[in-house]
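Peer 1: Numbering (my numbering), first residue to last: 34 to 219. The C-beta atom is built at its ideal place from N, Cα and C for all residues, glycine as well. Okay, handing you the structure first.
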Amino acid sequence: MGKRLSKIYTKTGDRGETGLGDGSRISKTHPRVEAMGSVDELNSIVGVVVEELLQASHPDLTDIAHFLRSLQHRIFDLGGEISIPGFEIVTAEHVKAIEENLDALNEHLAPLENFILPGGSHLIANCHMARAVCRRAERSVTALAEDETVNQAALEFLNRLSDYLFVVARSAARITGVDEVLWEKG
34 MGKRLSKIYT KTGDRGETGL GDGSRISKTH PRVEAMGSVD ELNSIVGVVV EELLQASHPD
94 LTDIAHFLRS LQHRIFDLGG EISIPGFEIV TAEHVKAIEE NLDALNEHLA PLENFILPGG
154 SHLIANCHMA RAVCRRAERS VTALAEDETV NQAALEFLNR LSDYLFVVAR SAARITGVDE
214 VLWEKG
């Protein structure tokens with residue numbers, strides 16, 4: 034475990050640089066910092082979804098919340114991985130766990146016959162928001178990978194997680210009895 038901050042403001046970033054986990058400093062506009070920020074934002078919105086799932090007080094949604102909470106730890110790990118060039122912590126096993134949970138949720142869903150809009154309930158909309166933020170985090174990490182070495186499992190993790198969040202939104206609609214908002218052709 035690295036150093037813990039005893040005070041929140043350090044003033045070390047006042048000139049547009051930030052420190053990485055290995056002690057080096059880079060510009061706050063560097064693609065690595067963008068990726069770290071996108072992953073941090075993803076973890077925040079997943080936290081919102083977890084809390085809403087728990088508040089729904091349905092056993093199936095609670096199970097999803099507990100798995101998503103475990104994924105929050107892996108998302109945090111991913112942020113740490115990105116903050117230390119060359120470090121890898123996300124593995125193919127993490128990707129496989131998402132796939133297995135995704136498959137289990139998908140078994141209870143009707144096949145898609147139309148595009149789905151974010152909405153129906155606050156919970157469902159936030160699941161879709163988390164999916165969209167996850168896709169942005171994936172794009173940010175992919176952009177970083179264009180110039181630097183990035184763990185392939187990390188990219189797969191984000192890709193599967195966005196799929197999982199989409200299925201969580203659909204599952205939340207099914208479990209809570211809320212109709213999905215289907216796109217209507219103009």
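(1) Using CA atoms only, rank isn't needed, just tell me which of S57, K218, V183 is closest to I122.
(2) What did DSSP end up calling I117 once you bin it into helix, strand or coil?
(3) Quick check on DSSP: helix, strand or coil for V211?
(4) For F199, count neighbouring Cβ atoms within 10 angstroms of its own Cβ and tell me buried if that reaches 16, exposed if not.
(5) So which of V214, T175, E67 has the shortest CA-CA distance to P151?
(6) Would you decide whether F100 is buried or exposed? Buried here means 16 or more other CB atoms lie within 10 Å of its CB.
(7) Is the Cβ-Cβ distance between S71 and A170 less than 7 Å?
(8) Assuming A98 contacts L86 under a Cβ cut-off of 8 Å, what Cβ separation, rounded to an integer in Å, is found between them?
(9) Mapping DSSP to helix, strand and coil, what is E146?
(10) With 16 other CB atoms within 10 Å as the buried threshold, where does W77 fall?
(11) Would you list the one or two residues that DSSP bridges to S60?
(12) Kindly list the residues whose CB is nearer than 8 Å to the CB of N159, restricted to its own chain and excluding five residues on each side of it in sequence; keep chain order.
(13) Skipping 5 residues on each side, what residues in its chain have a beta carbon closer than 8 Å to that of H141?
(14) With distances taken between CB atoms, is the gap from S116 to R164 smaller than 7 Å?
(15) Going by other Cβ atoms of all chains shown within 10 Å of its Cβ, with 16 needed for buried, is A125 buried or exposed?
(16) Go to A130, then tell me how far its alpha helix (DSSP H) extends in each direction, as first and last residue.
(17) According to DSSP, is A89 helix, strand or coil?
(18) CB A68 to CB V174, shorter than 7 Å?
Peer 2: This is what the structure holds:
(1) V183
(2) coil
(3) coil
(4) buried
(5) V214
(6) buried
(7) A contact, by the Cβ cut-off of 7 Å.
(8) 4 Å
(9) coil
(10) The sequence shown places Ser at residue 77, not Trp. Classification of S77: exposed, given that the 10 Å Cβ count is below 16.
(11) E50
(12) I78, V81, V82, E85
(13) S204, R207
(14) Not a contact, by the Cβ cut-off of 7 Å.
(15) exposed
(16) 125 to 139
(17) coil
(18) Annotated as proximal: A68 and V174, with beta-carbon spacing under 7 Å.
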